[in-house]
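If you're matching them up, the sequences are chains X and W in order.
Residues in the first sequence are numbered consecutively from 1, following our numbering.
Residues in the second sequence are numbered consecutively from 570, following our numbering.
Built from N, CA and C at the ideal position, the CB exists for glycine as well.
Number of protein chains: 2
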Amino acid sequence: MIGDEAKSRRLMSLLKKRGFLQPAFEIYGGVAGLYDYGPLGGRLRRKVMQKWLNHWISLGNIVEIDSPTITPEEVLKASGHIGAFNDYASECNSCNSIFRSDHLLEGFHTNPDSLDGSSLDSEIELHKIPCPSCSKVDWLPAKPLNLMFSTTIGSSKIGRKAYMRPETAQGMFLQFPSIYRHFRSKLPFGAVQMGKGYRNEISPRQGMIRLREFNMAELEYFIDPLMKIEHKLNEWDSIKLKLIPDPVGNDPEEILLSVSDAVKKGIIRHQTVGWFMIKTYELMSELGINSELMRFRQHEGDEMAHYATDCWDLEIFGGYGWIECVGIAYRGCYDLEAHQKSSKSNELRAWRDFEEHITVEKRVCSPIQSKIGPVFKDKSKFITDYLESLEEIPQKFPIVIANQGEEHIIESDMVEIKNTKIIQRGEWFIPHVIEPAFGIDRIIWHILEHSHKEISKKDDENYTVLSLNSDVVPIDFSVYPLFEKDGMGLASKKIVENIRSIKGINANYDGSKSIGRRYARGDEVGVPFAITVDHQSLEDNTITLRERDSQNQKRMSIEDLLKFVSEYK
Amino acid sequence: MIGDEAKSRRLMSLLKKRGFLQPAFEIYGGVAGLYDYGPLGGRLRRKVMQKWLNHWISLGNIVEIDSPTITPEEVLKASGHIGAFNDYASECNSCNSIFRSDHLLEGFHTNPDSLDGSSLDSEIELHKIPCPSCSKVDWLPAKPLNLMFSTTIGSSKIGRKAYMRPETAQGMFLQFPSIYRHFRSKLPFGAVQMGKGYRNEISPRQGMIRLREFNMAELEYFIDPLMKIEHKLNEWDSIKLKLIPDPVGNDPEEILLSVSDAVKKGIIRHQTVGWFMIKTYELMSELGINSELMRFRQHEGDEMAHYATDCWDLEIFGGYGWIECVGIAYRGCYDLEAHQKSSKSNELRAWRDFEEHITVEKRVCSPIQSKIGPVFKDKSKFITDYLESLEEIPQKFPIVIANQGEEHIIESDMVEIKNTKIIQRGEWFIPHVIEPAFGIDRIIWHILEHSHKEISKKDDENYTVLSLNSDVVPIDFSVYPLFEKDGMGLASKKIVENIRSIKGINANYDGSKSIGRRYARGDEVGVPFAITVDHQSLEDNTITLRERDSQNQKRMSIEDLLKFVSEYK
Chain X
1 MIGDEAKSRR LMSLLKKRGF LQPAFEIYGG VAGLYDYGPL GGRLRRKVMQ KWLNHWISLG
61 NIVEIDSPTI TPEEVLKASG HIGAFNDYAS ECNSCNSIFR SDHLLEGFHT NPDSLDGSSL
121 DSEIELHKIP CPSCSKVDWL PAKPLNLMFS TTIGSSKIGR KAYMRPETAQ GMFLQFPSIY
181 RHFRSKLPFG AVQMGKGYRN EISPRQGMIR LREFNMAELE YFIDPLMKIE HKLNEWDSIK
241 LKLIPDPVGN DPEEILLSVS DAVKKGIIRH QTVGWFMIKT YELMSELGIN SELMRFRQHE
301 GDEMAHYATD CWDLEIFGGY GWIECVGIAY RGCYDLEAHQ KSSKSNELRA WRDFEEHITV
361 EKRVCSPIQS KIGPVFKDKS KFITDYLESL EEIPQKFPIV IANQGEEHII ESDMVEIKNT
421 KIIQRGEWFI PHVIEPAFGI DRIIWHILEH SHKEISKKDD ENYTVLSLNS DVVPIDFSVY
481 PLFEKDGMGL ASKKIVENIR SIKGINANYD GSKSIGRRYA RGDEVGVPFA ITVDHQSLED
541 NTITLRERDS QNQKRMSIED LLKFVSEYK
Chain W
570 MIGDEAKSRR LMSLLKKRGF LQPAFEIYGG VAGLYDYGPL GGRLRRKVMQ KWLNHWISLG
630 NIVEIDSPTI TPEEVLKASG HIGAFNDYAS ECNSCNSIFR SDHLLEGFHT NPDSLDGSSL
690 DSEIELHKIP CPSCSKVDWL PAKPLNLMFS TTIGSSKIGR KAYMRPETAQ GMFLQFPSIY
750 RHFRSKLPFG AVQMGKGYRN EISPRQGMIR LREFNMAELE YFIDPLMKIE HKLNEWDSIK
810 LKLIPDPVGN DPEEILLSVS DAVKKGIIRH QTVGWFMIKT YELMSELGIN SELMRFRQHE
870 GDEMAHYATD CWDLEIFGGY GWIECVGIAY RGCYDLEAHQ KSSKSNELRA WRDFEEHITV
930 EKRVCSPIQS KIGPVFKDKS KFITDYLESL EEIPQKFPIV IANQGEEHII ESDMVEIKNT
990 KIIQRGEWFI PHVIEPAFGI DRIIWHILEH SHKEISKKDD ENYTVLSLNS DVVPIDFSVY
1050 PLFEKDGMGL ASKKIVENIR SIKGINANYD GSKSIGRRYA RGDEVGVPFA ITVDHQSLED
1110 NTITLRERDS QNQKRMSIED LLKFVSEYK
């Protein structure tokens, strides 16, 4: 049964043994919250990421970008991560161990991560929580600890303060000008980025769920909030999503609704959010997540991130309970506006044509060419453009214009302040953003949990099958010679080679121990098809094809096999 | 002409304008040595990395793994990066600016990066090098600066010192046990890893060549140094590589040799190194690197990294001269041995069967079961195995065996020291490693440089074509309606949709400005084929297909076009 902790532990041990996952730096004692993907896990990860990418790129107006993980402090100040990206930590006054304050209260409070510093302190005092290290009850006040890994760009003496990015999103906001240009200024469009994200957890637990370095995949979808959007949500009316709308208690009743109904009823507050929810559900199902074990939970007002106006978590059920694996947030114009303000750039905006032109009276600062020209010479055009585009009339003169390290002084006699009629064809505005953000490692963990079947057989207590989808499986075909001698080994290797020559298909050879043992080894890592080469194969070029899930076997010619292989995806 | 600096600058400006590459965090003033891949560059990068991966994975005995970028200090102490991964920096005593010492000597010394600290100081003094910031000549002694980004895992007070990895290699060495198990203990085999690497340069210059955070791709190929290997190097005899063998001066004469000849003559010191050289050459050619502009330069003795016994750089020529883009190094057993020693693990080794069993007399420490059993109970088996596997007899007793946090004391009366005859079927040894390491960003830069053609046309001084290979091109087909009206726009969009539905093929729509302008825009970003939809298209379902490099145009039915698209790769 999924959700059984002992079963999850058996899965983890299988995954370690067979080269899917393991704690990183294990021969050096390991580091909590850092994991390795091994020979099979590495391929599974690659395929999950490739499928994720194709799913979004195929929409046609989404591009992939890549930005650095090292991020200067200014960027994260503007985004709100410095200041807000904290967990409370309590330090033991006796032994100086440090723990997440909310973790200390587990079992004593229903929702400890919603408490602020002083509430955490009083709850810890009330319940006389002992230090997990030294058992004393002597806590210093809870302090917010920033969860970013910090570093310095350049030499430590004169370098620039920076952090490892807590999310990939900021890189996409900063690239908005380039993406806007790529799409020839036509919203809506999106960008995706896949890569590492970092969160310096105080005391990470829960295996692949809470990592200090994780694989992320995020999509930023930029829209004009005034533009009418039609997503044809009715196409998915046959699918009822499990929704837990805001505000509901801790043990909520789910409601079942199609996405179009949920948007109509105003439960999902924006159509595009609904569209990403159903597209996400679709992707998760294709990756092998059990649709019965997915639900969308709406954030409550006070839990919502500092920028979001509607936010839904896709939660997946497994050995750690219901875990947030995807967040779909309507972020409004928060991010672009914050960077525009902080950086003083005017590039993080888009242009909207009015349906009809508007004539307005406006007070302008009109440059007097006969004064500007002689003073500024080849800079005159820049100065003129600058003055004409001023949104507000300067309170007093002279004013100073900075450009490429130079300062230009504009005296009051160089301009004429006057009223003029202006035809406005449109206006600048800051696009809104809808962001689906995926925790790839958490998704991979649940793909593995949902495909992990333990079957009781009479001769083998725990026969294990990973029923992975063919889209993500690390090995597609295993080829087993009945014996390695008499040419069966060679014939098998030839088949492996032929299969591997088909693009995107992986095959391996396994010649040791009994056929039964080899089937078991293949099933255990999710190989969908086993091919057995026996004496008859050498005579008539046929093999036996065994299907993992049904265990059905079928004799066929090698020619038909290769046809099957090339068509199976 | 390639190698022309002004042309490289024009290329960079094109790449920024069209969304391939740009300095990162530009609206915040930028950070030297950090770059973004934009909408087109992101796709180019993805395709280069995918092709790299397929090239090696298709060999059959290579797997992809993934390990964290955050690396605890112990690992990098063992690997030799703490201590050796340094550049010398000189600080100006007057203004406190810091520069790479060898950069200060450029133009004054032919090979300044080969100098040690005191030689750098005396050369700087000899030539009275002024500070580039304040022009004073007042330098503090050159100091080695470690080039790793440092950080702390956990809270800064009690956390663990760590660095951002300077290479992906260490993660693969630490995963050796898992990879060895995956390949059922049969060498040779390899692992690859692609991801970010970090190098905290003092003052990075040279655009994409010298980055602080870069895309790496490395392969670690593990071999038994005693095993006979046959790589069939003669298959590549028609290809003559440009080689610069060690030791040759700074303006070397290249020799042209096939890889098999170079191995036979002992110039390439290991056959597998030669094999990786030719396989790398093959890959680079397929990616679009001009084969005339590649050469392999062997490291001189004193330039070789601390572990390598033969090392060749693939250098590619471009606007920055000859630049090292790949290093292929025979690292011996250095890395695995270093980690085995530091971590006290015994898992970083492989087993080799002897051809014939050997009987040897050996002094052993034989456990006396009647003494061990009563004392250690359920731990007896562990103790027995441990004592029997001791390579050396302890000098004196009692000895202490640590196991899972417990300590077991073995008294002298629990064992019998005796001579015994042992049949040795084989032995443990530390595998050797051959490592091809690729700088993906440098390769991408040279792919762009080598495909960058400027053609003089009478009406347009600089008509630009990026003749990218179809394997790496961001957009495969552009579809242009002659006019957007009369249904030509719609018909074009339908063709875009049909093309995009073919897996792995990208198409875009461009309807603005003249057809000539649109051809130029497509050529400029390397779109191999342009499709034009005109009035006739609406009548007879034909289009015009224009090929980028030949500029040939051909009228064909949409049906034939889609057939062409699905077969073009």
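Query: 8 Å contact criterion, which X/Ile444 and X/Val48 should meet: CB distance rounded; Result: 6 Å
Query: Exposure label - W/Gly610; buried when at least 16 CB within 10 Å; Result: buried
Query: Rounded C-alpha distance that separates X/Glu356 from X/Gln404; Result: 38 Å
Query: Helix, strand or coil at X/Val473 [DSSP, three-state]; Result: coil
Query: Interfacial residues, the segment 908-935 of chain W to chain X, with Cβ spacing under 9 Å; Result: His908, Gln909, Ser911, Ser912, Lys913, Ser914, Glu916, Leu917
Query: Residue-level contact to chain X via CB, W/Asp1103, 8 Å cutoff; Result: no
Query: Same chain, Cβ closer than 6 Å to W/Cys894, five either side skipped, listed in chain order; Result: Leu883, Ile885, Gly1008, Arg1011, Ile1012
Query: Three-state secondary structure (DSSP) of X/Thr151; Result: strand
Query: Reference X/Pro431, options X/Arg100, X/Ile179, X/Pro166, closest by Cα; Result: X/Ile179
Query: Contacting residues, own chain, Cβ-Cβ under 6 Å from W/His868 (five flanking each side not counted); Result: Cys880
Query: CB contact flag (W/Glu855, W/Met785, <8 Å); Result: no
Query: In DSSP terms, what X/Arg100 is bridged to; Result: X/Ala89
Query: Burial state of X/Ala6 (16 or more Cβ within 10 Å); Result: exposed
Query: Cβ neighbour criterion (16 or more within 10 Å) applied to W/Thr989; Result: exposed
Query: Helix, strand or coil at W/Ser1047 [DSSP, three-state]; Result: strand
Query: CB contact check: X/Glu391 to chain W, cutoff 8 Å; Result: no
Query: Whole alpha helix (DSSP H) elements within the segment 263-316 of chain X, 4-residue minimum; Result: 271-287
Query: Complete runs of the beta strand (DSSP E) confined to the segment 579-621 of chain W [at least 3 residues]; Result: 590-592, 604-606
Query: Per-residue contacts from X/Ser178 into chain W (C-beta, under 7 Å); Result: Gly588, Gln591, Gly607, Pro608
Query: 8 Å contact criterion, which W/Leu1159 and W/Glu782 should meet: CB distance rounded; Result: Since the displayed chain W opens at 570 and closes at 1138, residue 1159 of chain W lies outside it and no answer follows.
Query: Exposure of X/Thr359, with buried meaning 16 or more beta-carbon neighbours within 10 Å; Result: exposed
Query: Partners in chain W for X/Glu213, counting only beta-carbon separations shorter than 8 Å; Result: Pro637, Thr638, Ile639
Query: Chain W within 8 Å of X/Phe149, Cβ atoms only; Result: yes
Query: Interface flag, W/Ser659 vs chain X, CB-CB below 8 Å; Result: no
Query: Chain X contact for W/Tyr597 (CB, 8 Å cutoff); Result: yes
Query: Against chain W: residues of the segment 401-428 of chain X by CB proximity under 8 Å; Result: none
Query: With 16 other Cβ atoms within 10 Å as the buried cut-off, status of W/Gly766; Result: buried
Query: Residues, ordered as in the chain, of the segment 437-449 of chain X that lie near chain W by beta-carbon distance below 9 Å; Result: none
Query: 8 Å Cβ cutoff, X/Asn469 in contact with chain W; Result: no
Query: Interface flag, X/Phe25 vs chain W, CB-CB below 8 Å; Result: yes
Query: Contact under 8 Å by Cβ, X/Gly190 with X/Ile70; Result: no
Query: 7 Å CB neighbourhood of X/Asn508 in its chain, flanking five on each side removed; Result: Ile475, Ser478, Val496
Query: Paired residues, beta bridge with X/Met208 - DSSP; Result: For X/Met208, which the question treats as bridged, DSSP gives no partner whatsoever.
Query: X/Ile27 beta carbon less than 8 Å from that of W/Ser912; Result: yes
Query: X/His571: first and last residue of the uninterrupted alpha helix (DSSP H) it sits in; Result: Any question about residue 571 of chain X goes unanswered here, given that chain X covers just 1 to 569.
Query: Spatially closest choice to X/Arg297 from X/Trp322, X/Trp275, X/Lys279, X/Gln369, by CA coordinates; Result: X/Trp322
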